[in-house]
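*Asks:*
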Amino acid sequence: MAKAALGFAFGGGGWLTTWYLGVLQGLIASGAFKPGVTPIYGVSTGAQAAALGCAGGDPFAAVAGALLDAQHCLDTGTTPPCLHTLDAVMRARLNASLPAGAAKACSGLLTLGFTKPLGDARLGRYGQPRMMWKGNFRESNFTSDADLIDAVAASGYLPCTSANAPYAVFRGRPAMAGGYTLRTPCPRNAKRCVTVHSGVPGKLFSSGFPNVSVAADSAASSLPSSGSGSGGGALGRRLAAVPAPLPSSCPIEVGAPEIVFGRRPGIDIYPGKYNPVAYTWWTWESWVVAKPSVEGLRYGFELGIADATSWARAAKIIK
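Per our numbering, the very first residue in the sequence shown carries number 16; after that it's consecutive.
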C-alpha cells in the first residue's frame, strides 16, 4: 500500500479530549484530514478523537457528549471524578459516538498504542503493591466495533482510576494508557507526520506559564512522573524492576522503570502555540484528571479548532 502524503499523531491528556476533538474538527474543515483516508495514530485520550476521525464521526456531537460525561463525573463527588467508573463512562460514550462499521473503516488507517505493565516485588512508599511500566505495543486492525472500543478504552486506561483494577486487558494482554510510554508516535503509512499534544505549554498561555522550553524538546512537559521518583534521570536511563507478578487488586503505586523516548521531536500543534489561551497552564493541566471544568472543556474544543486552523494556514493548506 502506498504511503499517504500526510498523517497525524494524537497524544494524551485526560479530559482534554475536547481539545483533540476541536483539532480534529479544524483539520477536517481545512481539508488536511480526510475521514477514511488519512492515517492517524492515537494514544490515551487522543485515541478517542483518532478513532472518531478515521470512522467519520461527528466531533460536535462527540464533544457535546463529553461535556455531559464531565458534568456527570463531577456530580459523583469522587476524587478524581468518576473514580473506578471512568472506563464504563468512556465505553458508553464511544458506543454512542462511533458510527456503525467503525472498525472496518479504521482498520489499516488507525493505529492505537498501549503501555505494557510490569510487576515489581518492591513495595511502594506506603506499603502498597508496586507496578511499573516497560515498553509498549500497538494495534491497527480491529475485528469488530466492540473490539475497537476495547482497544480505545485500553489505550486510555488509568491504573486503579479508570476502574478498580491495576490494568485493563485487551485481547488477553494487560495494557494501560499508551501515553505513559508513547508521546506522539507517528503512523507508519504516512510520508509526513503532524504531531498533536495537549500537554505542551505554549508561550501564549495566560499568566502562570511555566518556565520550560518547548522548542526541540517540547514533549518534555508531558513526561509522566512516577509515584516513587523512579522515572527521573537522563533520557534513556533504564531502571530495572524486581521481577514479580502483576498486582491483582488496588490500591497500587505506579512507577516507571524505563524511559523509552530517546531523542524527543518537537510537537506541531499544541495549545498556546498559535493562539492566546485565556487560562493559565496550571488551570489547563488541572482539567486533565483532577478537576475537569465543563466551561473549560468547552473552551478547549473551540481552542482546538482555532489551533488546527492556524496550523493549516501556516502549512499553506488553506489561505
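Glycine included, C-beta positions come from ideal geometry on N, C-alpha and C.
1. If we call anything under 8 angstroms between Cβ atoms a contact, is Gly37 one with Gly214?
2. Which residues in the same chain have their Cβ closer than 8 angstroms to the Cβ of Trp302, if we skip the five residues on either side of it in sequence?
3. Starting from the C-beta of Thr158, find all residues in its chain whose C-beta is less than 8 angstroms away, skip the five residues before and the five after it, and write them out in chain order.
4. Do Phe23 and Ile55 have their C-beta atoms closer together than 8 angstroms?
5. Run the CB neighbour count on Ser264, radius 10 Å, all protein chains shown included, and call it buried at 16 or more, exposed below.
6. Is the Cβ-Cβ distance between Pro216 and Trp326 less than 8 angstroms?
7. Determine which residues share a DSSP beta bridge with Asn204 and list them.
8. Under 8 angstroms by Cβ, that's how I've got Met146 and Leu261 pegged, so tell me the actual separation to the nearest angstrom.
9. Inspect the beta-carbon positions of Lys218 and Gly287 and report whether they are closer than 8 angstroms.
10. For Ala209, which of helix, strand or coil comes out of DSSP?
11. Out of curiosity, what's the CA-to-CA distance linking Arg140 and Val269?
12. So the alpha helix (DSSP H) Thr298 belongs to, where does it begin and stop?
13. Short check: CB of Val104 to CB of Asp84, under 8 angstroms?
14. Got a sec? Which residues, its chain only, sit under 7 angstroms from Ser112 by beta carbon, not counting five neighbours each side?
15. State buried or exposed for Asp322, treating a residue as buried only when at least 16 other CB atoms are found within 10 Å of its CB.
16. So Asp165 is in the alpha helix (DSSP H); what residue range does that whole segment cover?
17. Report yes or no: do the segment 91-104 and the segment 197-213 share at least 3 C-beta pairs separated by less than 8 angstroms?
18. Rounding to the nearest angstrom, what Cα-Cα distance links Phe25 and Phe48 in this structure?
19. Could you tell me the distance, in whole angstroms, from the CA atom of Ile19 to the CA atom of Val52?
20. Based on DSSP bridge pairs, tell me the residues matched to Gly22.
21. Does Ala192 come out as helix, strand or coil in the three-state DSSP assignment?
22. Helix, strand or coil: which one does DSSP assign to Ile333?
23. If you reduce the DSSP assignment to three classes, tell me which class Gly73 lands in.
24. Among residues of its own chain, excluding the 5 on either side of Gly247, which ones have a beta-carbon nearer than 7 angstroms to its beta-carbon?
25. Alpha carbon to alpha carbon, how far is Cys88 from Ala190? Give it in angstroms, no decimals.
*Replies:* According to the structure data:
1. Counting from 1 along the sequence shown, the entry for residue 37 is found at position 22. Counting from 1 along the sequence shown, the entry for residue 214 is found at position 199. No, the Cβ-Cβ distance between Gly37 and Gly214 is not below 8 angstroms.
2. Locating residue 302 in the sequence shown gives position 287, where the first residue counts as 1. So the qualifying residues of the chain are Gly29, Trp30, Leu31, Ser308, Gly311, Leu312, Gly315.
3. By 1-based counting over the sequence shown, the position of residue 158 is 143. These residues qualify, in order along the chain: Ala118.
4. Here the question's residue 23 lines up with position 8 in the sequence shown. Here the question's residue 55 lines up with position 40 in the sequence shown. Cβ distance < 8 angstroms, so Phe23 and Ile55 count as in contact.
5. As a working mapping, residue 264 is identified with position 249 in the sequence shown. Within a 10 Å sphere around the beta-carbon of Ser264 sit fewer than 16 other beta-carbons, which makes this residue exposed.
6. One-based indexing of the sequence shown puts residue 216 at position 201. One-based indexing of the sequence shown puts residue 326 at position 311. With contacts defined as CB atoms closer than 8 angstroms, Pro216 and Trp326 fail to qualify as a contacting pair.
7. Residue 204 sits at position 189 when you count from the first residue of the sequence shown. Answer by DSSP bridge pairing: none, since Asn204 is not bridged.
8. Position 131 of the sequence shown, counting from 1, holds the residue named residue 146. Position 246 of the sequence shown, counting from 1, holds the residue named residue 261. Yes, they are in contact, since the Cβ atoms of Met146 and Leu261 sit about 6 angstroms apart, within 8 angstroms.
9. As a working mapping, residue 218 is identified with position 203 in the sequence shown. As a working mapping, residue 287 is identified with position 272 in the sequence shown. Between Lys218 and Gly287, the C-beta gap is smaller than 8 angstroms, which places the two residues in contact.
10. Taking the first residue of the sequence shown as position 1, residue 209 is located at position 194. Before going further, note that residue 209 is Val rather than Ala in the sequence given. The answer is strand: DSSP assigns Val209 an E or B state.
11. On the sequence shown, position 125 is the one that residue 140 refers to. On the sequence shown, position 254 is the one that residue 269 refers to. Using only the alpha carbons, I get a separation of about 11 angstroms.
12. Counted from its first residue, the sequence shown places residue 298 at position 283. Counting along the chain, the alpha helix (DSSP H) containing Thr298 begins and ends at 296-301.
13. Here residue 104 refers to the residue found at position 89 of the sequence shown. Here residue 84 refers to the residue found at position 69 of the sequence shown. Going by C-beta atoms, Val104 is nearer than 8 angstroms to Asp84.
14. Residue 112 sits at position 97 when you count from the first residue of the sequence shown. Same-chain partners within the cutoff: Leu67, Gly72, Ala76, Ala77, Gly80.
15. Position 307 of the sequence shown, counting from 1, holds the residue named residue 322. Classification for Asp322: buried.
16. Stepping through the sequence shown from its first residue, residue 165 is reached at position 150. Run containing Asp165: 160-170, per the alpha helix (DSSP H) assignment.
17. The segment 91-104 and the segment 197-213 do not touch, with fewer than 3 CB-CB distances between them shorter than 8 angstroms.
18. Taking the sequence shown and counting its residues from 1, the one referred to as residue 25 is at position 10. Taking the sequence shown and counting its residues from 1, the one referred to as residue 48 is at position 33. The straight-line gap from Cα to Cα measures roughly 13 angstroms.
19. Start at 1 with the first residue of the sequence shown, and residue 19 comes out as number 4. Start at 1 with the first residue of the sequence shown, and residue 52 comes out as number 37. Checking the displayed sequence, the identity of residue 19 turns out to be Ala instead of Ile. In this model, Ala19 and Val52 are separated by some 8 angstroms (Cα to Cα).
20. The residue you call residue 22 lines up with position 7 of the sequence shown. Listed as beta-bridge partners of Gly22 by DSSP are Cys208.
21. For the purposes of this step, residue 192 is identified with residue 177 of the sequence shown, where counting begins at 1. In the three-state reduction of the DSSP assignment, Ala192 falls in the strand class.
22. For the purposes of this step, residue 333 is taken as residue 318 along the sequence shown, with counting starting at 1. DSSP places Ile333 in coil when its eight states are reduced to three.
23. The residue labelled residue 73 in the question sits at position 58 within the sequence shown. Per the sequence shown, residue 73 should be read as Asp rather than Gly. Secondary structure at Asp73: coil, using DSSP grouped into helix, strand and coil.
24. Taking the first residue of the sequence shown as 1, we reach residue 247 at position 232. Because the pLDDT at Gly247 is just 33, under 50, the model does not fix this residue reliably, and the value given afterwards should be weighed accordingly. None.
25. The residue labelled residue 190 in the question sits at position 175 within the sequence shown. The residue labelled residue 88 in the question sits at position 73 within the sequence shown. Cα-Cα distance, rounded: 24 angstroms.
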